[in-house]
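Participant:
Residue numbers (my numbering), protein chains in the order written: chain Z, 113 to 430; chain L, 113 to 430.
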């Protein structure tokens with residue numbers, strides 16, 4: 113007999129992730145009941161991964177469990193928020209206990225590492241679809257938004273750009289270092305980095321659709337533009353090799369899925385930000401500057417404009 | 113050119129539902145930012161509707177917009193919670209602006225009626241899948257749970273049972289009064305009723321999978337059983353006709369989708385509950401009693417046991 117929906121939820125999801133004292137009631141009732149610390153605001157993000165669109169059929173379920181939570185935690189990171197709880201809506205074509213166990217293992221390991229508790233879930237039958245909502249806190253009034261960038265701000269990114277895009281591009285066609293492949297399958301949400309910079313930054317976003325596209329959201333929301341210096345973009349050796357072999361800056365400029373943070377910081381906070389960043393394992397690299405006029409201009413060291421060949425990934429775009 | 117994902121979200125979802133002062137930042141950034149009133153706990157539910165499982169291909173999108181929010185608000189009602197915000201993860205096979213407009217119309221009308229604001233959304237491309245999360249508040253410590261029922265409690269239900277099941281059963285095969293059909297397509301979340309009874313009830317659940325199945329969750333969680341008097345079940349004339357023509361109590365006992373509340377109330381609160389219920393448009397009907405021994409026993413007026421023919425709906429069950 114197949115597991116019923118109810119036992120499925122209980123068995124796989126009842127004890128996933130951290131065990132938090134602010135969860136009055138977790139998985140297993142009509143709703144979860146939660147308490148918010150005094151002086152904090154609640155921060156909520158939602159993201160869906162669809163088979164065949166965001167990941168290939170047959171993808172490793174443990175990595176999928178990690179990634180589907182990671183992309184949501186990355187949104188919290190971009191607000192400078194401390195993560196707390198997640199809910200999971202999982203649509204599955206059939207019950208596959210091995211798949212579920214592996215998915216929960218990947219989800220739970222990342223959740224526990226960031227003190228996130230799974231507080232609710234819904235399992236339904238249908239084409240594979242994973243929708244996760246993450247909840248976190250910020251001190252009242254301190255959330256990092258997209259609309260605060262100002263002309264003169266320095267633009268920084270965490271970590272490295274282009275590895276995930278290279279892994280996607282190379283899929284099955286060429287061998288890559290594990291450190292590059294894992295950036296596509298097991299992205300790291302930059303939570304500590306987002307929280308550390310929350311008091312200093314004017315604006316932030318996580319890079320899910322590509323640097324130019326996501327920085328474009330900051331520029332649109334803030335009514336500004338940006339200049340990027342492509343030689344300053346932090347890239348792995350494998351991405352550098354690709355850029356030079358193909359004379360193509362698309363990987364760091366417009367490939368998505370890296371889940372690094374792009375942050376704008378006013379010049380008077382530069383020294384403080386860079387001092388803080390000395391404790392970031394992933395690093396923090398200045399890559400350009402916000403300008404008053406609209407548009408994003410990518411420049412090479414010789415002052416020539418660089419055009420990324422493809423633009424950021426968008427569902428439904430023609 | 114098809115609408116890009118971003119403009120889709122902005123255009124259709126930016127101003128859906130109520131406009132609340134506790135929303136610091138709504139649709140359009142990485143996360144929403146929200147404030148919780150002092151002394152309140154946060155209550156969260158998540159539910160997914162899948163095409164071909166929870167609704168038929170080609171279902172009216174406006175009704176679908178209503179229903180997909182209603183089933184979540186019904187979970188909040190079952191906790192005695194006051195609703196506040198919702199997020200929407202919508203997976204669509206293609207952009208269909210007419211469909212989206214109608215869906216948002218249905219969603220927004222119900223949301224506005226209950227002072228719910230849409231605070232975040234994610235649109236992705238794939239087989240139609242609608243996942244909604246609803247957020248609300250309860251005064252600290254007052255949430256209605258499944259695990260509080262005690263022997264001797266009276267069991268009540270709001271509204272009528274079996275109409276949604278009859279509409280599903282009749283689909284295309286026989287004509288039904290609009291008042292019966294609309295109970296399947298446009299369920300009413302019993303929010304005011306749940307909030308009114310929160311201080312009196314020992315336990316509550318919403319009936320999504322069928323009375324016996326959902327009351328069974330209360331019994332399992334509370335370590336009790338129940339006796340139901342089938343002649344007392346509140347039913348429309350159409351459902352009564354079906355029961356008598358087929359000698360089959362399945363519609364009110366085990367058909368799902370009615371989204372009424374099943375509530376247990378201690379005898380000493382009976383008078384107060386029934387006085388409160390005089391203001392409920394949908395009514396509140398006593399249908400049985402909680403007992404100490406496990407199991408749910410359904411009795412006819414002559415004391416004979418009644419067996420529902422089919423048990424509650426479960427995804428994945430064999």
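No residue lacks a Cβ here, since even glycine has one placed at the ideal position from N, Cα and C.
Quick caveat, the model's predicted, so the values are computed rather than measured.
Which one of 417(L), 172(L), 123(L) and 364(L) has the shortest CA to CA distance from residue 271(L)?
Facilitator: With distances taken between Cα atoms, residue 271(L) lies closest to 364(L).
Participant: If distances are taken between C-alpha atoms only, which option among 240(Z), 133(Z) and 395(Z) comes closest to residue 206(Z)?
Facilitator: Nearest C-alpha to residue 206(Z): 240(Z).
Participant: Are residue 377(Z) and residue 264(Z) closer than 8 Å when you measure CB to CB?
Facilitator: No, they are not a contact pair.
Participant: Could you give the residue range of the beta strand (DSSP E) that holds residue 180(L)?
Facilitator: Unbroken run through residue 180(L) is the alpha helix (DSSP H), 173-190; no beta strand (DSSP E).
Participant: At which residues does the beta strand (DSSP E) containing residue 249(L) begin and terminate?
Facilitator: Its beta strand (DSSP E) spans residues 241-251.
Participant: Express the C-alpha separation of residue 144(L) and residue 215(L) in angstroms, rounding to a whole number.
Facilitator: Roughly 22 Å separates the two Cα atoms.
Participant: Could one say the Cβ of residue 168(L) lies closer than 8 Å to chain Z's Cβ atoms, at least one of them?
Facilitator: With 8 Å as the cut-off, residue 168(L) does not count as an interface residue toward chain Z.
Participant: Starting from residue 286(Z), find everything on chain L with Cβ-Cβ shorter than 7 Å and list it in chain order.
Facilitator: Residues of chain L passing the Cβ test: none, with the nearest at roughly 28 Å.
Participant: Roughly how many whole angstroms lie between the Cα atoms of residue 249(Z) and residue 132(Z)?
Facilitator: Using only the alpha carbons, I get a separation of about 14 Å.
Participant: Give me the Cα-Cα distance between residue 341(Z) and residue 268(Z), rounded to the nearest whole angstrom.
Facilitator: One C-alpha to the other measures close to 11 Å.
Participant: Buried or exposed for residue 252(Z), going by 16 or more other Cβ atoms inside 10 Å?
Facilitator: So residue 252(Z) counts as exposed.
Participant: Enumerate in chain order the residues of its own chain whose CB-to-CB distance from residue 279(L) is below 8 Å, with the five nearest sequence positions on each side excluded.
Facilitator: Once the five neighbours on either side are set aside, the close Cβ partners of residue 279(L) are 288, 292, 293, 295, 296 and 297.
Participant: Quick one: which chain Z residues come within Cβ less than 7 Å of residue 165(L)?
Facilitator: The contacting residues are 236, 237 and 238.
Participant: Residue 256(Z) and residue 190(Z): beta carbons closer than 8 Å?
Facilitator: Yes, these two residues count as a Cβ contact at 8 Å.
Participant: Distance cutoff 8 Å, beta carbons only. Does residue 144(Z) sit that close to anything in chain L?
Facilitator: Chain L, which has a Cβ nearer than 8 Å to the Cβ of residue 144(Z), makes this yes.
Participant: Tell me the start and end of each unbroken alpha helix (DSSP H) in the stretch 361-404 of chain Z that is at least 4 residues and wholly inside, in chain order.
Facilitator: Listed in chain order, they are 362-366 and 382-389.
Participant: Looking only at C-alpha atoms, which of 379(Z), 370(Z) and 343(Z) sits nearest to residue 415(Z)?
Facilitator: Comparing Cα positions, the closest option is 343(Z).
Participant: For the alpha helix (DSSP H) containing residue 296(L), name the first residue and the last one.
Facilitator: Taken as a continuous stretch (DSSP letters only), the alpha helix (DSSP H) holding residue 296(L) covers 290-297.
Participant: Nearest chain Z C-beta to residue 158(L) closer than 8 Å, yes or no?
Facilitator: Closer than 8 Å: yes.
Participant: I need the straight-line Cα distance from residue 244(Z) to residue 235(Z), nearest angstrom please.
Facilitator: The straight-line gap from Cα to Cα measures roughly 12 Å.
Participant: Just the chain Z side, please: which residues come within less than 8 Å of residue 147(L) by C-beta, in chain order?
Facilitator: Ordered by position in chain Z, the residues that pass the 8 Å Cβ test against residue 147(L) are 153, 154 and 252.
Participant: Hey, which unbroken runs of the beta strand (DSSP E) at 3 residues or more fall wholly within the stretch 265-341 of chain L?
Facilitator: With a minimum length of 3 residues, the continuous beta strand (DSSP E) runs that stay inside the stretch 265-341 of chain L are 266-270, 315-318 and 337-341.
Participant: Check the Cβ-Cβ distances between residue 133(Z) and every residue of chain L, and say whether any is below 8 Å.
Facilitator: Not closer than 8 Å to any Cβ of chain L, the Cβ of residue 133(Z) fails to qualify, so no.
Participant: If you follow the alpha helix (DSSP H) that residue 216(Z) is part of, which residue opens it and which one closes it?
Facilitator: 209-225 is the extent of the alpha helix (DSSP H) around residue 216(Z).
Participant: Skipping 5 residues on each side, what residues in its chain have a beta carbon closer than 8 Å to that of residue 138(L)?
Facilitator: Closer than 8 Å at Cβ, skipping near neighbours: 126, 144, 229, 230, 231 and 232.
Participant: Given a threshold of 16 other Cβ atoms within 10 Å of its Cβ, counted over all protein chains shown, does residue 430(Z) qualify as buried or as exposed?
Facilitator: Below a pLDDT of 50, predicted positions are generally treated as unreliable, and residue 430(Z), at 35, falls in that range; no measurement from the model is reported.
Participant: Step through the CB atoms of chain L and report whether any lies within less than 8 Å of the CB of residue 187(Z).
Facilitator: Yes, because at least one Cβ of chain L sits closer than 8 Å to the Cβ of residue 187(Z).
Participant: Taking just the CA atoms, how far does residue 223(L) sit from residue 159(Z)?
Facilitator: Approximately 21 Å, taken between the alpha carbons.
Participant: Using the C-alpha atoms, what's the distance from residue 154(Z) back to residue 410(L)?
Facilitator: Going by the C-alpha atoms only, they are around 45 Å apart.
Participant: Pick from 220(L), 226(L) and 210(L): whose alpha carbon is nearest that of residue 196(L)?
Facilitator: Measuring from the Cα of residue 196(L), the nearest candidate turns out to be 226(L).
Participant: Please go through the same chain and pick out, in chain order, the residues whose beta-carbon is closer than 6 Å to the beta-carbon of residue 426(Z), but skip the five residues on each side of it.
Facilitator: Low per-residue confidence applies at residue 426(Z): pLDDT is 49, beneath 50, and the placement is therefore not dependable, though the value from the model is reported in the following sentence. Excluding sequence neighbours, residue 426(Z) sits near nothing in its chain.
Participant: Three-state secondary structure (DSSP) at residue 159(L)?
Facilitator: Looking at residue 159(L) - three-state DSSP - the assignment turns out to be strand.
Participant: Would you kindly report the start and end of the unbroken beta strand (DSSP E) that includes residue 135(Z)?
Facilitator: Where residue 135(Z) is concerned, the enclosing beta strand (DSSP E) stretches over 135-137.
Participant: Shortest alpha-carbon distance to residue 192(L) belongs to which of 331(L), 325(L), 254(L) and 282(L)?
Facilitator: Comparing Cα-Cα distances from residue 192(L) to each of 331(L), 325(L), 254(L) and 282(L), the minimum goes to 254(L).
Participant: Residues in its own chain within less than 7 Å of residue 212(L) by CB, not counting five upstream and five downstream?
Facilitator: So the list reads 124, once near-sequence residues are dropped.
Participant: Say whether chain Z places a C-beta atom closer than 8 Å to the C-beta of residue 196(L).
Facilitator: No, its Cβ sits nowhere closer than 8 Å to a Cβ of chain Z.
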